[in-house]
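Asks:
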Amino acid sequence: MIEEAPNVVTEDGLRGLLAEHYLIEVVCKDGAEKRHNSWYGTWVIRAVAEDGRDDKMLVTSRSYLKVREFKTIVGLVSFLADMGCTTASIPLIEGARERHAAPGRTPEPRTGPVLVKDN
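Every number in my numbering is 10 more than the matching position in the sequence shown, counting from 1.
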């Protein structure tokens, strides 16, 4: 059982938090590995306030309090898409984490490739 029960959220609760400007944070619990054509590992989801002061773990149900784990990248990307994410950045190394903004919002600026449109 999770010790800090107030710091958990169900899938429906996560949708509500996203509307309140929370971010989805994907945390890699077990490093990913490729088997044949698929990637496997263990990832969990946290809802994180923009200022980082409040976070809640995604659970399967508030009455059972089992942390929801994703075992394949396909399952994780499907969940992110269902939450309205239009991109997915998946950490592959244990302990790594990536944040995703709610629909219509953009995360903090990051360095990397930039889309350039021709006039």
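Just so it is clear, CB atoms sit at the ideal spot from N, CA and C, and this is done for glycine as well.
For clarity, every value in this text was computed on a predicted model and none was experimentally measured.
(1) Between the alpha carbons of A111 and K44, how many angstroms are there, rounded?
(2) Please report how far the alpha carbon of W49 lies from the alpha carbon of R107, in whole angstroms.
(3) Can you give the Cα-Cα distance for L27 and D64, rounded to whole angstroms?
(4) DSSP three-state call for D40: helix, strand or coil?
(5) Quick one: using the 10 Å Cβ neighbour count with 16 as the cut-off for buried, is V84 buried or exposed?
(6) Does DSSP classify A112 as helix, strand or coil?
(7) Where R23 and N17 are concerned, what is the direct C-alpha to C-alpha distance, given to the nearest angstrom?
(8) Going by other Cβ atoms of all chains shown within 10 Å of its Cβ, with 16 needed for buried, is E104 buried or exposed?
(9) Taking all protein chains shown into account, decide if A91 is buried (16 or more other Cβ within 10 angstroms of its Cβ) or exposed.
(10) Which residues does DSSP pair with V18 in a beta bridge?
Replies: Working from what's here:
(1) Within the sequence shown, residue 111 is the residue found at index 101, counting from 1. Within the sequence shown, residue 44 is the residue found at index 34, counting from 1. Those two C-alpha atoms are separated by around 27 Å.
(2) Translated into the one-based positions of the sequence shown, residue 49 becomes position 39. Translated into the one-based positions of the sequence shown, residue 107 becomes position 97. Roughly 17 Å between the two C-alpha positions.
(3) The sequence position of residue 27 within the sequence shown is 17, counting from 1. The sequence position of residue 64 within the sequence shown is 54, counting from 1. Rounded to whole angstroms, L27 to D64 spans 11 Å at the Cα level.
(4) For the purposes of this step, residue 40 is taken as residue 30 along the sequence shown, with counting starting at 1. Correct three-state label for D40: strand.
(5) Translated into the one-based positions of the sequence shown, residue 84 becomes position 74. V84 is exposed by the Cβ-count criterion.
(6) On the sequence shown, position 102 is the one that residue 112 refers to. In the structure shown, A112 sits in coil (DSSP, three-state: anything other than H, G, I, E or B).
(7) Here residue 23 refers to the residue found at position 13 of the sequence shown. Here residue 17 refers to the residue found at position 7 of the sequence shown. Reading off the sequence, residue 23 comes out as Gly, not Arg. G23 and N17: Cα-Cα distance of roughly 12 Å.
(8) By 1-based counting over the sequence shown, the position of residue 104 is 94. Flag for E104 reads exposed.
(9) As a first step, residue 91 is located in the sequence shown; it is residue number 81 there, counting from the start. When all chains shown are included, A91 counts as exposed.
(10) Counting from one through the sequence shown, the residue named residue 18 turns up at place 8. According to DSSP, V18 bridges with M67.
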